[in-house]
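Enquirer:
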Amino acid sequence: MYQRSKIQEESLDYQHKKHSGELTLIGVNTFLHKVEETPGMIELMRSSDEEKKIQVEEIEQMKSRFVNERRHALEKLKQAALARENTFDSLMEAAKYSSIGEISESFFAVGGAYRRAM
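Take 157 as the starting number for the sequence shown in the working numbering and just add one per residue.
Below you can see the structure in the form of structure tokens.
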């Protein structure tokens, strides 16, 4: 009982000092952020079917232009992932010649599907 009442007293004292400004807490009662207006609704841009078609064609052209470079970069990425090395450099190199889907497939081939631990 004594501890509970002592904790309640200290808590009440802390709250009183905080609200009165006697206890300075940066970001709580001093140096507060200025309240900014919340942005309104932003209209989303959607790609037209023509834009989507052009993008797919560009990816196909890239694949046909850089066949060997793409294959080498993706293999290097897989090897780095298998060796548990830092994959950032390999990933950046693969991004020059490969699509996001191909890079994702490379990681999937090495590590399998991600499953959250329950």
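Even for Gly, the Cβ is constructed at its ideal location relative to N, Cα and C.
Specify the secondary structure class of residue 215 as computed by DSSP and reduced to three states.
Expert: What you label residue 215 is simply residue 59 of the sequence shown in a count that begins at 1. Here residue 215 sits in helix by DSSP.
Enquirer: For residue 186, does the count of other Cβ atoms within 10 angstroms reach 16, so buried, or fall short, so exposed?
Expert: Residue numbering aside, residue 186 sits at position 30 when the sequence shown is read from its first letter. Label assigned to residue 186: exposed.
Enquirer: Assuming residue 175 is part of the alpha helix (DSSP H), what are its boundary residues?
Expert: Taking the sequence shown and counting its residues from 1, the one referred to as residue 175 is at position 19. Residues 158-176.
Enquirer: Quick one: is residue 273 buried, meaning 16 or more other Cβ sit within 10 Å of its Cβ, or exposed?
Expert: Counting from 1 along the sequence shown, the entry for residue 273 is found at position 117. With fewer than 16 Cβ atoms within 10 Å of its Cβ, residue 273 is classed as exposed.
Enquirer: Quick one: Cα of residue 243 to Cα of residue 179, how far?
Expert: The residue labelled residue 243 in the question sits at position 87 within the sequence shown. The residue labelled residue 179 in the question sits at position 23 within the sequence shown. Cα to Cα, residue 243 sits roughly 48 Å from residue 179.
Enquirer: So who's on the other strand from residue 182, going by DSSP bridges?
Expert: Numbered from its first residue, the sequence shown carries residue 182 at position 26. Paired residues: 186.
Enquirer: Give me the Cβ distance between residue 266 and residue 237, rounded to the nearest whole Å; I'm assuming they're in contact under 8 Å.
Expert: Sequence index remark: in the sequence shown, residue 266 carries index 110 (1-based). Sequence index remark: in the sequence shown, residue 237 carries index 81 (1-based). That belief holds up - the Cβ atoms of residue 266 and residue 237 are roughly 4 Å apart, short of 8 Å.
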